[in-house]
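Participant:
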Amino acid sequence: MKKIKIIAGIIWAILGLILILVFFPGYNRFSSAASKLPFMKINPRYTGGEIAFEEISVNCTLITRKPVFNGLFKERKTGFVQIDWRGNIPEKIVDTIDFDADGNPDFAISIDTRESTTRLDPWSKNVEGIDVSTPTSYGWAARVKLRNERRIRSNEW
Numbered sequence: 007m008k009k010i011k012i013i014a015g016i017i018w019a020i021l022g023l024i025l026i027l028v029f030f031p032g033y034n035r036f037s038s039a040a041s042k043l044p045f046m047k048i049n050p051r052y053t054g055g056e057i058a059f060e061e062i063s064v065n066c067t068l069i070t071r072k073p074v075f076n077g078l079f080k081e082r083k084t085g086f087v088q089i090d091w092r093g094n095i096p097e098k099i100v101d102t103i104d105f106d107a108d109g110n111p112d113f114a115i116s117i118d119t120r121e122s123t124t125r126l127d128p129w130s131k132n133v134e135g136i137d138v139s140t141p142t143s144y145g146w147a148a149r150v151k152l153r154n155e156r157r158i159r160s161n162e163w
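So the number in our numbering is just where the residue sits in the sequence shown, counting from 1, plus 6.
Set out below in structure tokens:
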């Protein structure tokens, strides 16, 4: 019985080595093909979410992303909306943001890029505060904490 286990282990190791040698040269093609499959997406908590709309000015482009509430199995009670400024960023950024596109501004944000200070004036009950505000390689990014109104309403029932 001991010899059978040893022989089976050696055969298994040799087969594994052959598989590695066969598939290793094609690994780059396989990984690039797999990454292009429709269900392979980067998590929006990492990217900041999909772009909802852009406001282009002479020096700078303001990008407002869709709110992110995703969790592992269901939406979370809290999330964020990411705002990106790309291009030549001024010393002081002052913008009003309507992230839900209902025609009413949800908050005003002012950023002093020299001092790295950010002030938020929430005008919506779903806006909780600043999560992150930081310079980036492309300009400046800020994440504003939000309450998930749909989850709050569904828990009241």
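Ideal placement from N, C-alpha and C gives every residue a C-beta, glycine not left out.
Can you list, in chain order, the residues of its chain with a C-beta nearer than 7 Å to that of residue 126? Leave out the 5 residues immediately preceding and following it.
Facilitator: Taking the sequence shown and counting its residues from 1, one reaches residue 126 at position 120. Within the same chain, residue 126 has close Cβ partners 113, 115, 135, 136 and 150.
Participant: In whole angstroms, what separates the C-alpha of residue 86 from that of residue 142?
Facilitator: One-based indexing of the sequence shown puts residue 86 at position 80. One-based indexing of the sequence shown puts residue 142 at position 136. Roughly 18 Å between the two C-alpha positions.
Participant: Within 10 angstroms of the Cβ of residue 41, are there 16 or more other Cβ atoms? Answer buried if so, exposed if not.
Facilitator: As a position in the sequence shown, residue 41 is number 35, starting the count at 1. It is exposed - the Cβ of residue 41 has fewer than 16 other Cβ atoms within 10 Å.
Participant: Within the chosen definition, does the region 85-99 reach the region 54-62 through at least 3 CB pairs nearer than 8 Å?
Facilitator: Counting Cβ pairs under 8 Å, three or more are found: they touch.
Participant: Distance check for residue 155 and residue 163, CA to CA, integer angstroms please.
Facilitator: Taking the sequence shown and counting its residues from 1, one reaches residue 163 at position 157. Taking the sequence shown and counting its residues from 1, one reaches residue 155 at position 149. In this predicted model, residue 163 has a pLDDT of only 40, less than 50, meaning its place in the structure is not dependable; the value taken from the coordinates is given anyway. Their backbone Cα atoms lie some 13 Å apart in a straight line.
Participant: Using 9 Å as the limit for Cβ to Cβ distance, is residue 136 near chain D?
Facilitator: As a matter of chain content, chain D is missing from the structure shown, which is built from one protein chain.
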